[in-house]
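In the order they appear, the protein sequences are chains A and B. Using my numbering, read the first sequence as starting at 1 and increasing by one per residue. Using my numbering, read the second sequence as starting at 123 and increasing by one per residue. From the three backbone atoms N, C-alpha and C, an ideal C-beta is built for every residue, glycine too. A short write-up of the structure that comes next.
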Amino acid sequence: MFVISCPWCGPREQREFSYGGEAHIVRPRNADELTDEAWADYLFMRKNPKGLHYERWVHSHGCRRWFNVARNTATDEILAVYRMGEAPPDLPGQQPPTPCGEPAIGSGNKAIDADGLTGTGR
Amino acid sequence: MTKYSILSLARNAFSYHENWPEAWRSPEPKPAYEAVIVGGGGHGLATAYYLAKEHGITNVAVLEKGWIGGGNTGRNTTIVRSNYLFDASAHLYEHALKLWEGLSQELNYNVMFSQRGVMNLAHDQHEARELKRRVHANRLNGIDAEWLTREQVLEFCPILNGDPTIRYPVVGATLQRRGGTARHDAVAWGYARAADERGVDIIQNCEVTGFRITNGAVEGVETTRGFIRTGKVGVVAAGHSSVLAAMAGIRLPLESHPLQALVSEPVKPVIDTVVMSNAVHAYVSQSDKGELVIGAGIDPYVSYTQRGGFSVIEETISAIVEMFPIFSRMRMMRQWGGIVDTAPDASAIISKTPVKGLYFNCGWGTGGFKATPGSGHVFAHLVARDEPNALAAPFSLERFSSGALVAEHGAAAVAH
């Protein structure tokens, strides 16, 4: 569980929000020309990365507005919050050191530091 | 290898059980193997075991980034059943259940498979109709399934709240008597020992960092312990499947979510079956140690942190207390999360990929443990023959473009 800063309401508990999945997936405009494989890619295939993930949230139990979040899925650290329609911010260096590597903080295997802020992951 | 028996137990008792031989070797990785399995959980180890046993491929390595059985194999709620709705899933899970029934003998390792019955509760008329439909579908597929009335449910599990005035009263349930639980760690250890005996190398603390692919065919895997040459790679990495697929340039229809579980303090035997509820949404059984083993739905967001949020635990526990007021004073002892790879149709993916010699077995989501023997069995066939058998064929990646999805959200019993 984590705290999400709603662009309109400020920091609130994650359970107030609903998850909208991967952001920046654009519905194809040339629907009648698409192959079945291209449709499958649009409908079903997802990046599902371990590390930097751009995703959508809606403040269901608050202002009920949608927005985008950049979050590290290896640590659940929120790196940026930005509005719908905005381009995803460039946030280099957020991938874990190895593809499956556990980050220094925030993973289930290594407990967060006492003050939660001094890990090398920041 | 020592055959485990009453005699070996007695013999080792004389030396205070200090001289048991190791159950499997810890070899250095060889430079090349005929096949490499990525992921040393139950499914991966079972795949290696059946590759050796059924297909005579013994020059196999199982690569595990941590320790075997340390992922979802050690993090599930150990429920085994096969009461799925559609023919494709029913056949696959029933194949697994039949293997479960002889597994301890086959592996010479007690997996403590306990067929104590699995009950799926209905709380309203619509749910009762859906579950009765599933009972009929199961019976047509030769799977044992019964419909219990409210009175029969309360007789079968007397501690359930039978009050008809609560928000979600129990109106009936399905019961699969051949379902039950098994000892999850023992499944990994039993398969590891049996695979090792047939020559499989189990290599722990060895993380795959990339695939070497030439002309569209796999040549080997890059690992933290060096390059390993092989023409066949079977990836059985559960929550990390998308991460490994991305290394080969493949996109999968998966999202990885934390799925939490928790156990209570141990108490005397109080519930001798598995009770699951889709509507109130929780499931519970009691381990042989006496702990209540409790689980519910996934955390809603993509995450690889094996932990999850407190709000999900709160919802789970309130559902348990709604169904079992007797548990309201129980203290919970441990909580954990596993990363489950959920597919859009809540069914597994057992498939070839665009890369020749690279196979994926993933998408088991919230319900992979029950399938462990069957999953390994059919995946070994795919890896060995480069063709799925009839049981695995409906679960290929092609179903997402053909539209032949196997939508098992109802029978999966865990919301995702």
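{"Item": "Counting only beta-carbon separations shorter than 7 Å, does Phe333 of chain B have a partner in chain A?", "Value": "no"}
{"Item": "Can Thr296 of chain B and Val257 of chain B be called in contact, C-beta distance under 7 Å?", "Value": "yes"}
{"Item": "Kindly indicate the opening and closing residues of the alpha helix (DSSP H) around Leu173 of chain B.", "Value": "Gly164 to His177"}
{"Item": "For my contact list, Leu504 of chain B and Pro510 of chain B are in at a C-beta cut-off of 8 Å; report their separation, rounded to the angstrom.", "Value": "5 Å"}
{"Item": "So, at 8 Å on beta carbons, what are the nonlocal neighbours of Arg83 of chain A in its own chain, with the 5 sequence-adjacent residues on each side left out?", "Value": "Pro7, Phe67 and Asn68"}
{"Item": "By the DSSP assignment, the alpha helix (DSSP H) with Glu319 of chain B in it spans what residues?", "Value": "His306 to Glu319"}
{"Item": "At what residues does the alpha helix (DSSP H) containing Phe278 of chain B begin and finish?", "Value": "Arg272 to Phe278"}
{"Item": "Since Glu131 of chain A is in the beta strand (DSSP E), which residue starts that stretch and which ends it?", "Value": "With chain A covering only 1 through 122, there is no way to say anything about residue 131 of chain A."}
{"Item": "May I ask which residues mark the beginning and end of the beta strand (DSSP E) holding His248 of chain B?", "Value": "His248 of chain B -> not in any beta strand (DSSP E); alpha helix (DSSP H) instead, spanning Gln247 to Leu262."}
{"Item": "Counting only beta-carbon separations shorter than 7 Å, does Tyr19 of chain A have a partner in chain B?", "Value": "yes"}
{"Item": "According to DSSP, what are the bridge partners of Phe333 of chain B?", "Value": "B:Val343"}
{"Item": "For Ile288 of chain B, which option in B:Ile472, B:Ala441, B:Ala515 and B:Ser469 has the closest C-alpha, if you only look at C-alpha atoms?", "Value": "B:Ala441"}
{"Item": "Counting only Cβ pairs nearer than 8 Å, list the residues of chain B close to Met45 of chain A.", "Value": "Arg373, Leu374, Pro375 and Phe522"}
{"Item": "Taking 7 Å as the CB-CB limit, is Val196 of chain B close to chain A?", "Value": "According to the sequence as given, residue 196 of chain B is Gly; it is not Val. Output row for Gly196 of chain B: interface = no."}
{"Item": "Taking the alpha carbon of Gly62 of chain A as the reference point, which residue from A:Met1, A:Phe2 and A:Glu13 has its own alpha carbon closest?", "Value": "A:Glu13"}
{"Item": "So which residues of chain B does Glu179 of chain A contact, with C-beta pairs closer than 7 Å?", "Value": "Because chain A is modelled from 1 through 122, residue 179 of chain A falls outside the range shown and cannot be assessed."}
{"Item": "Counting beta carbon pairs with one atom in the segment 310-319 of chain B and one in the segment 230-237 of chain B, are three or more of them shorter than 8 Å?", "Value": "yes"}
{"Item": "Output the residue ranges of the beta strand (DSSP E) runs that lie fully inside the segment 450-535 of chain B and measure 3 residues or longer, sorted by chain position.", "Value": "454-464, 471-474 and 480-484"}
{"Item": "Rounded to whole angstroms, how far is the Cβ of Ala370 of chain B from the Cβ of Ile335 of chain B, which I believe are closer than 8 Å?", "Value": "6 Å"}
{"Item": "Relative to the alpha-carbon of Asp463 of chain B, which residue among A:Asn48, A:Asp76, A:Thr75 and A:Arg27 has its alpha-carbon at the smallest distance?", "Value": "A:Asn48"}
{"Item": "What is the DSSP secondary structure of Ser407 of chain B, reduced to helix, strand or coil?", "Value": "strand"}
{"Item": "Quick one: what's got a C-beta closer than 6 Å to Ala170 of chain B's C-beta in the same chain, skipping five residues either side?", "Value": "Ile159, Val182, Val184, Ala317 and Val322"}
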